[in-house]
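Engineer:
Number of protein chains: 2
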Amino acid sequence: MPFVAPSKWVQTTSLQDLVLLTKALGDETRLRILALLQDHELCACQIVAVFELANSTISKHLAILKQAGLIQSRKQSRWIYFFLTPQPQPEIDAAFVWLNQCWQADPRLEADRRKIKDILQIDPVELCRRQNGKDCC
Amino acid sequence: MPFVAPSKWVQTTSLQDLVLLTKALGDETRLRILALLQDHELCACQIVAVFELANSTISKHLAILKQAGLIQSRKQSRWIYFFLTPQPQPEIDAAFVWLNQCWQADPRLEADRRKIKDILQIDPVELCRRQNGKDCC
DNA sequence: CCTATAATTCGATTATTAACGAAATATAGA
DNA sequence: TCTATATTTCGTTAATAATCGAATTATAGG
Chain X
51 MPFVAPSKWV QTTSLQDLVL LTKALGDETR LRILALLQDH ELCACQIVAV FELANSTISK
111 HLAILKQAGL IQSRKQSRWI YFFLTPQPQP EIDAAFVWLN QCWQADPRLE ADRRKIKDIL
171 QIDPVELCRR QNGKDCC
Chain B
51 MPFVAPSKWV QTTSLQDLVL LTKALGDETR LRILALLQDH ELCACQIVAV FELANSTISK
111 HLAILKQAGL IQSRKQSRWI YFFLTPQPQP EIDAAFVWLN QCWQADPRLE ADRRKIKDIL
171 QIDPVELCRR QNGKDCC
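Protein chains in written order, with the working numbering: chain X, 51 to 187; chain B, 51 to 187.
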């Protein structure tokens with residue numbers, strides 16, 4: 051039976067986790083996604099519609115936020131919905147407290163909020179058709 | 051007399067400031083510098099001695115931290131001492147509160163603390179001689 | 001006023017990250 | 001089971017950031 055190192059040995063240090071977290075927060079698009087997710091859970095196609103970036107780009111941003119422990123996802127019907135991690139580990143919870151203090155009343159975030167409000171009116175089926183159809187760009 | 055836009059017009063939004071701040075925090079070396087500065091103010095040559103990076107690199111990191119409003123500096127004799135911004139604006143103060151929650155008892159930060167303890171024993175004159183002399187590297 | 005020197009700036013290089021479109025994956029619903 | 005499609009992964013390119021050594025700056029102290 052081969053020797054297996056206890057999982058403790060490969061555990062990342064809190065500094066490494068923290069760097070993962072601060073790097074995840076160190077991008078404007080990702081901060082704006084987090085701000086939107088404070089109000090609603092959203093599927094990828096809705097986030098794509100807000101930022102007008104390629105869906106592969108948004109997917110990457112979401113993966114970074116997820117790996118940092120900031121968000122989670124669940125599948126419902128044909129869509130994957132992303133939402134802020136509920137009751138996250140303390141260091142992430144504290145990060146949210148901090149961010150909330152910072153980003154209230156920012157004009158760009160307000161604009162994003164208005165935009166998502168319109169997007170939420172559109173049926174995701176129609177939204178995805180627009181994104182995957184050739185009338186895009 | 052030329053028209054000069056009121057400074058208000060070029061004022062950055064809070065989101066931009068926040069991105070500046072999160073980017074400044076999104077680097078391991080800079081987080082470690084901040085952790086060290088929680089205990090002591092330090093001059094550039096002392097920080098260089100801890101990290102074994104070129105003084106130009108450390109200088110850049112310090113400039114980024116300073117621009118984000120996290121640190122300040124003062125000149126004393128031949129050295130410039132860097133220290134955490136006392137009573138900073140609320141969003142930065144909240145960031146420090148958050149960081150303090152995160153980085154207590156991390157082994158790498160502990161090691162840095164031990165190292166700076168030794169370095170503080172050395173006269174800065176001698177420290178800088180070692181760095182600028184040819185016996186380095 | 002000089003000179004020595006601590007720190008910064010500059011210019012170049014390397015490494016990392018963001019972005020895209022296309023291809024692959026996975027699966028809901030027919 | 002099969003097909004349509006929402007999301008992810010892949011491969012590449014472009015932009016940004018970290019790093020270095022050398023040159024420059026600014027100034028403390030002789």
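Ideal placement from N, C-alpha and C gives every residue a C-beta, glycine not left out.
Computed from a prediction, not measured in an experiment: that's the story for all the values here.
Please classify residue 107(X): is it buried, with 16 or more other beta-carbons within 10 angstroms of its beta-carbon, or exposed?
Structural biologist: As a position in the first sequence, residue 107(X) is number 57, starting the count at 1. It counts as exposed.
Engineer: Flag residue 118(B) as yes if its beta-carbon sits less than 8 Å from any beta-carbon of chain X, otherwise no.
Structural biologist: In the second sequence, the residue the question calls residue 118(B) occupies position 68. Chain X, which has no Cβ nearer than 8 Å to the Cβ of residue 118(B), makes this no.
Engineer: Report the CB separation of residue 93(B) from residue 121(B) in whole angstroms; it is logged as a contact under 8 Å.
Structural biologist: As a first step, residue 93(B) must be located in the second sequence, where it is residue number 43. As a first step, residue 121(B) must be located in the second sequence, where it is residue number 71. Not really, about 12 Å apart at Cβ, beyond 8 Å.
Engineer: Helix, strand or coil for residue 180(B) per DSSP?
Structural biologist: In the second sequence, the residue the question calls residue 180(B) occupies position 130. Note: residue 180(B) maps to helix in three-state DSSP.
Engineer: What span of residues does the beta strand (DSSP E) with residue 124(X) cover, start to end?
Structural biologist: Residue numbering aside, residue 124(X) sits at position 74 when the first sequence is read from its first letter. Run containing residue 124(X): 121 to 126, per the beta strand (DSSP E) assignment.
Engineer: At a Cβ cut of 9 Å, what residues of the segment 117 to 149 of chain B count as close to chain X, listed as they run along the chain?
Structural biologist: 140, 141, 144, 145, 147, 148, 149
Engineer: Which one or two residues does DSSP pair with residue 129(X) in a beta bridge?
Structural biologist: Along the first sequence, one-based indexing puts residue 129(X) at 79. In the DSSP output, where bridge partners are listed per residue, residue 129(X) has 126(X).
Engineer: Which residues bound the alpha helix (DSSP H) around residue 143(B)?
Structural biologist: For the purposes of this step, residue 143(B) is taken as the residue at position 93 of the second sequence. Start and end: 140 to 152.
Engineer: So what does residue 95(X) bridge to, in DSSP terms?
Structural biologist: Counting from 1 along the first sequence, the entry for residue 95(X) is found at position 45. In the DSSP output, where bridge partners are listed per residue, residue 95(X) has none listed.
Engineer: Leaving out five residues on either side along the sequence, give the residues of the same chain with a beta carbon under 8 Å from the beta carbon of residue 193(B).
Structural biologist: Outside the modelled stretch of chain B, which goes from 51 to 187, sits residue 193(B), for which no answer is possible.
Engineer: Distance, Cα to Cα, residue 188(X) vs residue 171(X)?
Structural biologist: Past the boundaries of the shown model lies residue 188(X); chain X is included only from 51 to 187, so the question cannot be answered.
Engineer: Buried or exposed: which applies to residue 145(X), given that a residue is buried once 16 or more other Cβ atoms fall within 10 Å of its Cβ?
Structural biologist: Your numbering for residue 145(X) matches position 95 in the first sequence. The residue is buried, with at least 16 neighbouring Cβ atoms inside 10 Å.
Engineer: How many angstroms separate the CA atom of residue 135(X) from the CA atom of residue 91(X)?
Structural biologist: Taking the first sequence and counting its residues from 1, the one referred to as residue 135(X) is at position 85. Taking the first sequence and counting its residues from 1, the one referred to as residue 91(X) is at position 41. Cα to Cα, the separation comes out at about 11 Å.
Engineer: Count the other CB atoms, across all protein chains shown, that sit within 10 Å of the CB of residue 180(X); report buried if there are 16 or more and exposed otherwise.
Structural biologist: For the purposes of this step, residue 180(X) is taken as residue 130 along the first sequence, with counting starting at 1. Exposed, by the Cβ-count rule.
Engineer: Just verifying my parser: in three-state terms, what is the DSSP assignment at residue 134(B)?
Structural biologist: Reading the second sequence from its first residue, position 84 is the one you call residue 134(B). Residue state, collapsed to three classes: strand.
Engineer: Can you give me the C-alpha to C-alpha distance between residue 98(B) and residue 133(B), rounded to a whole angstrom?
Structural biologist: Walking along the second sequence from the start, residue 98(B) turns up at place 48. Walking along the second sequence from the start, residue 133(B) turns up at place 83. Computed Cα separation, rounded: 15 Å.
Engineer: Between residue 69(B) and chain X, is the shortest Cβ-Cβ distance under 8 Å, so that the two count as touching?
Structural biologist: Reading the second sequence from its first residue, position 19 is the one you call residue 69(B). For residue 69(B), a Cβ of chain X is located within less than 8 Å of the residue's own Cβ.
Engineer: Distance cutoff 8 Å, beta carbons only. Does residue 151(X) sit that close to anything in chain B?
Structural biologist: Residue numbering aside, residue 151(X) sits at position 101 when the first sequence is read from its first letter. With 8 Å as the cut-off, residue 151(X) counts as an interface residue toward chain B.
Engineer: Is DSSP giving residue 171(X) helix, strand or coil here?
Structural biologist: On the first sequence, residue 171(X) is found 121 positions in, with the first residue counted as 1. DSSP places residue 171(X) in coil when its eight states are reduced to three.
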